[in-house]
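Taken in sequence, the protein lines are chains P and S. Going by the numbering used here, the residue at position 276 of the first sequence is 276; the numbering climbs one at a time, nothing skipped. Going by the numbering used here, the residue at position 225 of the second sequence is 225; the numbering climbs one at a time, nothing skipped. The beta carbon of each residue, even a glycine, is placed where N, CA and C say it ideally should be. Encoded as structure tokens, the structure appears first; notes follow it.
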Amino acid sequence: MKYFLKKLGLLAFTLFVSVSLNFFLPRLMPGDPARALLDKMDNLQPEQLDTIRAAFGLDTDEPTIVQYGHYLRNTLKGDLGTSFSRFPMPVAEVMRVALPWSIGLMGICTVISFTLGSAIGIAAAWKRETRLASMTVGFFSFVRSFPYFWLGLVFIYFFAFKGRLFPIGGAYTVGVDRGTAAWWLSVLRHGTLPALTICVSSLGAWILTMRNNMINVLAEDYITVALAKGLPLQRIKSMYAAKNAILPSVTGFAMSLGFVIGGGLVTEMVFAYPGIGYMLYQAVNAKDYPLMQAIFLFIAVAVLIANFVADIAVMLLDPRVRDGAK
Amino acid sequence: MIKDFFKTLVSNRKSLAGLCILGFFVLVALFAPVIAPYPPKIDRLETITAIGEPSLDEELVAEDYPSDARDVLTYRSTLTKDYTKTIDYFPLRSRPSAAHPLGTNHAGNDLFSQLVWGTRISLGIGLATGLFVTILSLTLALLSGYLGGVVDDVIGFFTNVMLVIPGLPLMIVIAAYITMKGVLPIVLILGLTGWPYPTRLLRSQVLTLKNRDFVRVSKSLGERTSFVVFREILPNMISIAMAEFFATSMAAILGEATLEFIGLGNVTVVSWGTILFWAQANGALLSGAWWWFLPPGICIALVGTSFVLINFAIDEISNPRLRKR
């Protein structure tokens, strides 16, 4: 219980820090970004100028601490301000449109790469002397050091530009009625390359963690005992070793669910996939600070909550943490 | 101690391969002016041929491209009255050719030269950030691990808070506010978002070392704190600190490339990330200019692989279970 309260306290505080970071970052930056922005933006409507001023706290003469109070209250109410690149759309609305795409893409990819990666990791540790195992591990550690976005570029070049197998970007074919079978098919076709990029680049991490855990577990005494007892190898592999080795990966999985929203940022940018990441890219390019901050906040909250869930999962699954009262 | 460490690294096959790749890129970075056929940002070649006798006043004049003048003699003869000056503009967006092994970009810069010069910036930022983060987190870890108490609580708390706030979005938001001049801001951004994980890892190492017998003995013998920390504990943290150094450097190179690719870096600097940025901005992909966007990514991946290989070896050295039986 003490563990639970401690984690809950940490969650509350980190949420508070993220929200505050959002407020103070633009105010702490050197060189007054707000003025620079106002000077640069000519043909804006007066209302748009107002939203910019509001975003930087230039519209009032209230002291910063009062503004901070207002900001906290508004954020709690879910009022994140107005986007000024998509004026007069509220930021929350912009994100509501983008969210399903991100969650759909990343959610599927996370599940696929976790399952596949863990399975490969277990196999690679079990048969670690074979050449195939060391080659797989080597290959994926090599792939891991590619920049995500570059891998995306390469896939686009070979499969969309040269091969013409998949579309170059976007998430669906424009002009096809939403919800029809043809539309879903186009969603699938558009999603394949981004998904491939994310899966290939994140697979390595799962394989390596799982493999290292598994190797550590395989060196435990109870595995030796099980082998000495002559238990079937398959049973030792799955019930004795993998079951225990997968625990850290499960918490990793829970944590990575938090990245379902923000994990595909750069991939989405490369593929112009209309999720949160692409939204952030556009916000950054248009210097749309309210939208940018809201997206950051949203990603942060998702990650923080997922971390909390992961901690709780560990508590429930691992008796050492549960009873350790640490 | 450090010498021993490197000896072990060289004797391991994986880390030897890693060190070789890394060494290759370090050499490229150091000798960029020699290796690259052109300076990274020129788009033309000016040839000046003297027609008459060179004048007596042979002062060196190299105003246009000071240290980069390819042929100093031609510049010397600019002092004569009679000379011909031929300006050869590089072709724009050309395919690879004998003159430009990796073609040229939209502004007519030689891409091979940019790749070579970019090694300096990309590798430099990576290693500088790695060093910065390692020193920072080592200091924090020693402070909080060894002193314990309130110091530990405070540092530990901030580490935990910063650890869970997602790094890439934070980096993007901070970078979007700053107008990049030079490369220092990017090192700071990468460093300030990169310290929590290594700090936590190093701290737990300090904690285990603190309770080892040799440290206890040293303390009960009345050794000064500085002696215990720097002579007893620190030498035993070298392998884990080096592992963190390489891991952070790799993350920094990837992070730098990502920020620059998005256009949040200083796009006037020539690095692997900005080459990719300009390639994307000029539609290199859809004009089939693979020579423009493939090489920088391969370089990043090679450097990353060298770090991974070295870290594999460090893992194997410090965790005997991972060693091949």
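- A direct Cα-to-Cα measurement between C109(P) and K3(S) gives close to 44 Å.
- Spanning the alpha carbons of K237(P) and T130(P) requires a straight line of approximately 16 Å.
- Runs of the alpha helix (DSSP H) lying entirely within the stretch 241-323 of chain P and spanning at least 4 residues, in chain order: 243-257, 259-262, 265-271, 276-285 and 289-317.
- Per DSSP, M135(P) is one residue of the alpha helix (DSSP H) stretching across R131 to R144.
- Per DSSP, the beta bridge partners of T104(S) are D110(S).
- DSSP lists no bridge partner for D152(S).
- Separation of L80(P) and P198(S) (C-alpha to C-alpha, rounded to the nearest whole angstrom) is 34 Å.
- Taking each of F308(P), V284(P) and S102(P) in turn and checking the Cα distance to A195(P), the smallest one comes out for S102(P).
- Look at D315(S) here: in three-state DSSP terms it is helix.
- Using a 10 angstroms sphere on the CB of T193(S), the tally of other CB atoms reaches 16 or more, which defines it as buried.
- Under the three-state reduction of DSSP output, T180(P) falls in the coil class, being neither helix nor strand.
- One thing to note: G18(S) has its Cβ within 8 Å of the Cβ of S306(S).
- When CB distances to chain S are screened at a threshold of 8 Å, the residues of the stretch 159-174 of chain P falling below it are F161, K162 and I168, in chain order.
- In the structure shown, K7(S) falls within a helical segment according to DSSP collapsed to helix, strand and coil.
- Taking one beta carbon from each stretch, the stretch 2-16 of chain P and the stretch 306-314 of chain P have 3 or more pairs nearer than 8 Å; the two touch.
- Within 8 Å of the CB of I300(S), the CB atoms of chain P belong to S145, F146, P147 and W150, in sequence order along the chain.
- In the DSSP assignment, the residues bridged to T82(P) are P90(P).
- D43(S) carries a coil assignment under DSSP once its states are collapsed to helix, strand and coil.
- Taken through DSSP and simplified to helix, strand or coil, T258(S) comes out as helix.
- Contact between the stretch 286-305 of chain P and the stretch 69-86 of chain P is present: three or more C-beta pairs spanning the two stretches fall below 8 Å.
- In this structure, the CA atom of T208(S) is about 32 Å from the CA atom of S18(P).
- F139(P) and L92(S) have their C-alpha atoms spaced approximately 37 Å apart.
- A straight line joining the alpha-carbon of L153(P) with that of A289(S) spans about 12 Å.
- Taking 8 Å as the upper bound for CB-CB distance, Y273(P) and L105(P) are in contact here, some 7 Å apart.
- Sequence-distant partners of F253(P) (beyond 5 residues in either direction) whose C-beta falls short of 6 Å from its own C-beta, in its chain, are F114.
- Contacts with chain P at 8 Å (Cβ-Cβ) include N160(S).
- Contact between A302(P) and I215(P) does not hold, since the beta-carbon distance rounds to 32 Å and is not under 8 Å.
- Around the beta carbon of S145(P), 16 or more other beta carbons sit within 10 angstroms, so the residue counts as buried.
- Under the Cβ criterion (8 Å, minimum of three pairs), the stretch 109-121 of chain S counts as touching the stretch 272-279 of chain S.
- When the alpha-carbon of A123(P) is set against those of V314(P), W206(P), S20(P) and R27(P), the nearest one is in W206(P).
- For L123(S), not one C-beta of chain P is nearer than 8 Å to its own C-beta.
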